[in-house]
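Structure record follows, encoded as structure tokens.
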Amino acid sequence: MKMNGLAPASRISKTSRFPAHPIAGLAGTSFKHEHLRAILGDDPMGGFFEVHAENYMGAGGPPHDALARIRRDYPVSLHGVCMSIGGPRPLDKAHLGRFRALVDRYEPALVSEHLAWSTHDTTYYNDLLPLPYTPATVSRVADHIDEMQETIGRPILLENPSTYVLFAESTMSETDFIGALVQRTGCGLLLDVNNVFVSATNHGYSALSYLADFPLAHVGEIHLAGHTEQADDEGDLLLIDSHDGPVADAVWNLFDIVIGRCGPLPTLIEWDSNIPDWPVLKAEAAAAQAILDHQADSHHVFGKAHAAG
Numbered sequence: 000m001k002m003n004g005l006a007p008a009s010r011i012s013k014t015s016r017f018p019a020h021p022i023a024g025l026a027g028t029s030f031k032h033e034h035l036r037a038i039l040g041d042d043p044m045g046g047f048f049e050v051h052a053e054n055y056m057g058a059g060g061p062p063h064d065a066l067a068r069i070r071r072d073y074p075v076s077l078h079g080v081c082m083s084i085g086g087p088r089p090l091d092k093a094h095l096g097r098f099r100a101l102v103d104r105y106e107p108a109l110v111s112e113h114l115a116w117s118t119h120d121t122t123y124y125n126d127l128l129p130l131p132y133t134p135a136t137v138s139r140v141a142d143h144i145d146e147m148q149e150t151i152g153r154p155i156l157l158e159n160p161s162t163y164v165l166f167a168e169s170t171m172s173e174t175d176f177i178g179a180l181v182q183r184t185g186c187g188l189l190l191d192v193n194n195v196f197v198s199a200t201n202h203g204y205s206a207l208s209y210l211a212d213f214p215l216a217h218v219g220e221i222h223l224a225g226h227t228e229q230a231d232d233e234g235d236l237l238l239i240d241s242h243d244g245p246v247a248d249a250v251w252n253l254f255d256i257v258i259g260r261c262g263p264l265p266t267l268i269e270w271d272s273n274i275p276d277w278p279v280l281k282a283e284a285a286a287a288q289a290i291l292d293h294q295a296d297s298h299h300v301f302g303k304a305h306a307a308g
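In numbering that gives the first Met the number 0, the protein residues as written are 0 to 308.
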């Protein structure tokens, strides 16, 4: 089923439970419960918050109370991490139903999942594992995306992975694979710039070349995060997408290039371990917002000059 960016009429006519907040061109952060009091007591930051869907699949309690308080004042992006869209088995219907309930409950501005797999039979891995890029895999992943989009009644954004191994049987580049999924399903894309840098460094290719081939016109959200440096078994540099520190300068530079090409897009700072105090995370979002605002001004000036010419 191709969604083509449109929700079914039954979804459109539904009465909203939350105020409508703009999200275009805004920077946001991951929502962490330890920051709730500081966020509510702070001046409004004007951005948005993203939450991992799996943290809110219980019926109620403190997690939902905190998220409902945030959702009244801010847009929310719902980010799934366990759908296993890239896996060989059918999607878990119970998990998909819980995800749909969250979409209905919180009316997120954006909904996203990973191009990865994380389950095998009854085993669930705490990792987002890579998959081979072949036409057969395109068909399987496209079927899973179609099922998810049909179930929740709206298109999703699919996130490019960070990878540490490549498959010998792959017959397509990652960007061609992602482009094929967009064409087959009508989904949008979540471009994780840190993932691009991590994978390019680990596999020895150019991050700029990757971005030149990436279907940027379909990107609806950007992620930025920190990574850590390790050494592999041969002593070569290995980057880990750890989300445990500030965004690296090289990733900021790539982000600036992407926004210069695409214009301002909703941009999220991910920071999921070694979580700092709220002012530190807020400052990272402010740095992203400064780049978004600068590029918005540049696009506006260029547009005027182009029209005048």
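Backbone N, C-alpha and C define an ideal beta-carbon position, used for all residues, glycine too.
{"Query": "Can you give me the C-alpha to C-alpha distance between Ile290 and Asp255, rounded to a whole angstrom?", "Result": "6 angstroms"}
{"Query": "If you draw a straight line from the C-alpha of Val181 to the C-alpha of Tyr204, how long is it?", "Result": "23 angstroms"}
{"Query": "In whole angstroms, give me the CA-to-CA distance for Pro21 and Val110.", "Result": "15 angstroms"}
{"Query": "Determine the contact status of Leu190 and Glu158, defining contact as a CB-CB distance below 9 angstroms.", "Result": "yes"}
{"Query": "What residue range is occupied by the uninterrupted alpha helix (DSSP H) comprising Thr133?", "Result": "Here Thr133 belongs to no alpha helix (DSSP H), and DSSP marks it neither H nor E."}
{"Query": "Could you tell me which of Asp72, Leu25, Val257 sits nearest to Ala211, measuring between CA atoms?", "Result": "Val257"}
{"Query": "Quick check on this structure: which residue in Ser208, Pro154, Cys186 has the alpha carbon closest to the alpha carbon of Thr174?", "Result": "Ser208"}
{"Query": "Assuming Ala58 is part of the alpha helix (DSSP H), what are its boundary residues?", "Result": "Here Ala58 belongs to no alpha helix (DSSP H), and DSSP marks it neither H nor E."}
{"Query": "Measuring CA to CA, which of Ala287, Thr266, Tyr105 is closest to Arg16?", "Result": "Tyr105"}
{"Query": "I'd like to check one pair, Val164 with Pro107: are the Cβ atoms closer than 9 angstroms?", "Result": "no"}
{"Query": "Within a Cβ cutoff of 7 angstroms, which residues of the same chain sit near His143, ignoring the five residues on either side of it in sequence?", "Result": "Ile84, Leu90"}
{"Query": "Given a threshold of 16 other Cβ atoms within 10 Å of its Cβ, counted over all protein chains shown, does Thr170 qualify as buried or as exposed?", "Result": "exposed"}
{"Query": "Leaving out the 5 sequence neighbours to the left and right, which residues in its chain are closer than 8 angstroms to Gln294 when beta-carbon positions are compared?", "Result": "Asp255, Ile258, Gly259, Gly262, Pro263"}
{"Query": "Distance check for Tyr73 and Thr28, CA to CA, integer angstroms please.", "Result": "11 angstroms"}
{"Query": "List the residues that DSSP assigns as beta-bridge partners of Asp191.", "Result": "His222"}
{"Query": "Indicate whether Asn194 and His222 have their beta-carbon atoms separated by less than 9 angstroms.", "Result": "yes"}
{"Query": "Whose CA, out of Ser241, Arg97, Leu95, lies closest to the CA of Pro160?", "Result": "Ser241"}
{"Query": "Just confirm the distance between the C-beta atoms of Leu39 and Arg71, as a whole number of angstroms; I'd bet it's less than 8 angstroms.", "Result": "Wrong, their Cβ atoms sit about 10 angstroms apart, outside the cutoff."}
{"Query": "Note down the Cα distance separating Phe301 from Ala206, rounded to an integer number of angstroms.", "Result": "Low confidence applies here, because Phe301 scores a pLDDT of 46, under 50, leaving its location unreliable and the question unanswered by this model."}
{"Query": "I'd like the ranges of any alpha helix (DSSP H) spanning at least 4 consecutive residues and lying wholly in the stretch 30 to 109.", "Result": "35 to 40, 61 to 72, 92 to 105"}
{"Query": "One question on the structure: do Asn268 and Ala249 come within less than 9 angstroms of each other, judged by their Cβ atoms?", "Result": "Just to set this straight, residue 268 is Ile in the shown sequence, not Asn. In this structure, Ala249 does not lie closer than 9 angstroms to Ile268 by Cβ."}
{"Query": "So, for Ser198: in the same chain, excluding its five sequence neighbours on each side, which residues have a beta-carbon less than 6 angstroms away from its beta-carbon?", "Result": "Ser161, Thr162"}
{"Query": "List the whole-angstrom C-beta distance separating Asp231 from Leu238, where the pair is believed to meet the contact cut-off of C-beta under 8 angstroms.", "Result": "No, Asp231 and Leu238 are not in contact; Cβ-Cβ is about 10 angstroms, not under 8 angstroms."}
{"Query": "Nearest-angstrom Cα distance between Tyr55 and Asp145?", "Result": "23 angstroms"}
{"Query": "Please go through the same chain and pick out, in chain order, the residues whose beta-carbon is closer than 6 angstroms to the beta-carbon of Gly46, but skip the five residues on each side of it.", "Result": "Leu25, Ala26, Gly27, Ala284"}
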